[in-house]
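Line order of the protein sequences matches chains P and Z.
So the first sequence is numbered by the UniProt record's numbering: it starts at 1 and just counts up by one.
So the second sequence is numbered by the UniProt record's numbering: it starts at 1 and just counts up by one.
We put the beta carbon where it would ideally sit given N, CA and C, even for glycine.
Everything below concerns the one structure shown next.
Number of protein chains: 2
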Amino acid sequence: MSAPPLPRTSAEPLVPVLAIVGVGLIGGSFAAAVRQSGLVTRIVGAGRQGGTLARAQALGLIDEIVSLQQAAQTADLILIAAPVGATTEILATLQPSLRPETIVTDAGSTKADVVTAARQVLGDQVGQFIPGHPIAGAEATGPEAADAQLFQGRSVVLTPLAENSNASKALLTRLWEACGARVVCMEPDTHDTVLASVSHVPHLLSSIYMWQVATAQDSDLRMALAGTGFRDFTRISAGSAEVWRDIFLSNRPAVLAELQEVKAALARAEQALIDGDGAALEDFLERAALARRLWGSRSGLA
Amino acid sequence: MSAPPLPRTSAEPLVPVLAIVGVGLIGGSFAAAVRQSGLVTRIVGAGRQGGTLARAQALGLIDEIVSLQQAAQTADLILIAAPVGATTEILATLQPSLRPETIVTDAGSTKADVVTAARQVLGDQVGQFIPGHPIAGAEATGPEAADAQLFQGRSVVLTPLAENSNASKALLTRLWEACGARVVCMEPDTHDTVLASVSHVPHLLSSIYMWQVATAQDSDLRMALAGTGFRDFTRISAGSAEVWRDIFLSNRPAVLAELQEVKAALARAEQALIDGDGAALEDFLERAALARRLWGSRSGLA
């Protein structure tokens, strides 16, 4: 997204009041990162969980705890960083108090359903809502896990609406870039298909696998002999069950479609194993290994 | 395994000559670790790949490159750290020159097939062979990846034969403990079932998944939006295709059996997703997350 001219000095805050709804890992990390940037003057936090908000305030991530109504009345920018299943209700609570100049965005892991919900709930005001998704996370949850560096070098996907103003898109892009992220724009459906592949299906497989090992009769022995491969493969399964339940439900068609592709690949590999076909096994293992090594060297994440 | 009295001073080497067949990540790390322990005087290396052996020698992991025959004639202990598919041929080449007092062990990732091969090839000498498997590894391969700390705090499984002498088992245990490992003894079939669960099936799933993403039409876009979850889930797929082909073929029945269990769990989760059953999804996600967090805190590997 090419940004129109914006004030460039950190002495001139872009966002006098930022409200974050849900000050956990993502919301808290955004708060910490934009505070460092000097582009935001005041950060307020809202959400269901009073204990989380109190800890976020004690950690200095937010300056004040407010209600959703207060957030809608006072904030220049509102980031919704709650489980995606809560997005509709949060937007509906914000809407009656929302000032026309306030920009609302989100950090939800799915986008098509969020866009549908925003159109239904915000109606004529939907142009104020810019759907977003920072591709960053960790197995840790809560404000204690917040990290101003979480978005450094990471991608943030925006799926802007035709109704969004260029100025609001430029401002949001500038904020994410100030967090160290690169902003990528695409259609909501494209986002959801790609994320089903590279995020949701791996989480499902990792969790299913972890569940199967943990419920096996000899799980203690299994766990005792599990090594670093097991550690890496299952790390994502430790993530928030509530967050991931919402992601799977929100992106159900794309996740189910991608799962069919993975199951078809699994069936091919399984048949090669049943046949004792070492050449076929080695061929797919080698292609996977080469692709992973290449991705590792290019992504900067290896 | 409780060890009978053994010389306890590092000034009195337990193993005058150690031979390592295959001086890659595992063989090289064992060489580096036992050299630090002072329990071994001289380390020689053998194997198919002259280039690998030359690099291992240049790195100081081994003192000399020898043939398998020379290793059998001169070594007090021989560690076979080659892909498991090569074990039979290596044992067959060692056998005619093997001195009766030499102990042979291996680091292969499967054990039942190795035991069968050892009985066939070594015959009356099979008591000299103690099957083993250090549960350690990394996605890196080759002698450059060797690390004297690789086995620190890790488990080494031995599946001793009735024919093994107590003295030879005690010596091998002492060496692995000197590498920082804890030695666990079990039946070969138990080892293979447990490892199919906690090592082989995850590697298969990770590789199949990586292969499927890499061969998708829009793989570039997918890879560009892949994050840390993808990184962790796919890390093991970068491992050696040859090593893992041999593991899958060697442990085929156990891998296929475990795969059925995982597929059954996947079918249940998929049905919950099809049904939009959020409670069922959250239940299995929560159980997986709790089990993973518990394992992480107990394993020392989190």
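Can you name the start and end residues of the alpha helix (DSSP H) that residue i belongs to?
i	result
T41 (chain P)	Not the alpha helix (DSSP H): T41 (chain P) falls in the beta strand (DSSP E), residues V40 to A46.
T105 (chain Z)	Segment I103 to D106 is the beta strand (DSSP E) holding T105 (chain Z); no alpha helix (DSSP H) there.
R99 (chain Z)	First-last for R99 (chain Z): undefined, no H or E at that position.
V183 (chain P)	It is not in any alpha helix (DSSP H) - V183 (chain P) instead sits in the beta strand (DSSP E) that spans R182 to C185.
R235 (chain Z)	Counting along the chain, R235 (chain Z) falls outside any alpha helix (DSSP H), and DSSP gives it neither H nor E.
G50 (chain Z)	G50 to A58
Q271 (chain Z)	R252 to I274
Q212 (chain P)	V201 to T215
P143 (chain Z)	That residue, P143 (chain Z), is in no alpha helix (DSSP H); it is neither H nor E in DSSP.
A82 (chain Z)	Run containing A82 (chain Z): none; DSSP gives neither H nor E here.
A112 (chain P)	A112 to L122
V194 (chain Z)	P188 to L195
Leaving aside the five residues before and after residue i along the sequence, list all residues of the same chain whose C-beta is less than 6 Å from its C-beta, in chain order.
i	result
L94 (chain P)	L68 and A72
V17 (chain P)	R42, T74, A75 and D76
A92 (chain P)	V121
In chain order, what residues of the same chain lie with their CB nearer than 8 Å to the CB of residue i, ignoring the 5 residues before and after it?
i	result
G300 (chain Z)	G153
A33 (chain Z)	A148, Q149, L150, F151, A178, C179 and G180
A289 (chain P)	none
Q114 (chain Z)	For the sequence presented, residue 114 (chain Z) should be read as Val rather than Gln. Closer than 8 Å at Cβ, skipping near neighbours: V84, T87, D106, G108, P131, P188 and S250.
Q57 (chain Z)	G45, D63, E64 and I65
V15 (chain Z)	V34, L39, V40, T41, D76, L77, L171 and L175
M210 (chain P)	T234 and S237
E89 (chain Z)	none
State the DSSP-derived secondary structure class of residue i, mapped to helix, strand or coil.
i	result
F151 (chain Z)	coil
L77 (chain Z)	strand
Q64 (chain P)	Per the sequence shown, residue 64 (chain P) should be read as Glu rather than Gln. DSSP places E64 (chain P) in strand when its eight states are reduced to three.
G132 (chain Z)	strand
L301 (chain P)	coil
L225 (chain P)	coil
G172 (chain P)	Here residue 172 (chain P) turns out to be Leu, not Gly, going by the sequence shown. L172 (chain P): helix per DSSP, three-state reduction.
residue 306 (chain Z)	For residue 306 (chain Z) there is no data in the structure shown, the boundaries of chain Z being 1 and 302.
residue 307 (chain Z)	As displayed, chain Z neither begins before 1 nor continues past 302, which places residue 307 (chain Z) out of reach and without an answer.
L91 (chain Z)	helix
L161 (chain Z)	coil
For residue i, count neighbouring Cβ atoms within 10 angstroms of its own Cβ and tell me buried if that reaches 16, exposed if not.
i	result
T116 (chain Z)	exposed
P7 (chain P)	Note that P7 (chain P) scores 46 on pLDDT, short of 50, meaning its location in the model is unreliable; the coordinates nonetheless yield the value given after this. Exposed, by the Cβ-count rule.
A264 (chain P)	exposed
E101 (chain Z)	exposed
D76 (chain P)	buried
I274 (chain P)	exposed
S165 (chain Z)	exposed
P96 (chain Z)	exposed
E187 (chain Z)	exposed
P5 (chain P)	Summary for P5 (chain P): the model assigns pLDDT 49, below 50, so the residue's position carries little reliability, and this model does not support an answer.
S2 (chain Z)	At S2 (chain Z) the pLDDT is 46, less than 50, meaning the model places this residue with poor confidence and gives no usable figure here.
Q212 (chain P)	buried
A19 (chain P)	buried
G229 (chain Z)	buried
D232 (chain Z)	buried
D246 (chain Z)	buried
G239 (chain Z)	buried
S168 (chain Z)	buried
R222 (chain Z)	buried
Please report the residue range of the beta strand (DSSP E) in which residue i lies.
i	result
P16 (chain P)	V15 to V21
Is any heavy atom of the ligand NAD found at a distance shorter than 7 Å from the C-beta of residue i?
i	result
A140 (chain P)	The model depicted lacks the ligand NAD and carries no ligand whatsoever.
Between which residues of its own chain and residue i is the CB-CB distance below 7 Å, once the five residues before and five after are set aside?
i	result
W244 (chain P)	H203
S155 (chain P)	I135, A181, R182 and V184
E163 (chain P)	V126 and G127
D192 (chain P)	T110, K111, A112, N251 and A254
Q36 (chain P)	A148
P143 (chain Z)	V23, G24, G28, T52, R55, A56, L59 and L61
TODO: Evaluate the contact criterion for the segment 100-111 of chain P versus the segment 246-260 of chain P: three or more CB pairs, one atom per stretch, below 8 Å.
DONE: yes
- [ ] Could you say if the segment 126-140 of chain Z and the segment 36-50 of chain Z meet the contact criterion of at least three C-beta pairs nearer than 8 Å?
- [x] no
Task: Stretch-stretch touch, CB-based, cutoff 8 Å, three pairs: the segment 183-201 of chain Z with the segment 186-206 of chain P - done: no
Open item on the list: Would you call the segment 23-41 of chain Z in contact with the segment 52-65 of chain Z, where contact means no fewer than 3 C-beta pairs closer than 8 Å?
Closed with: yes
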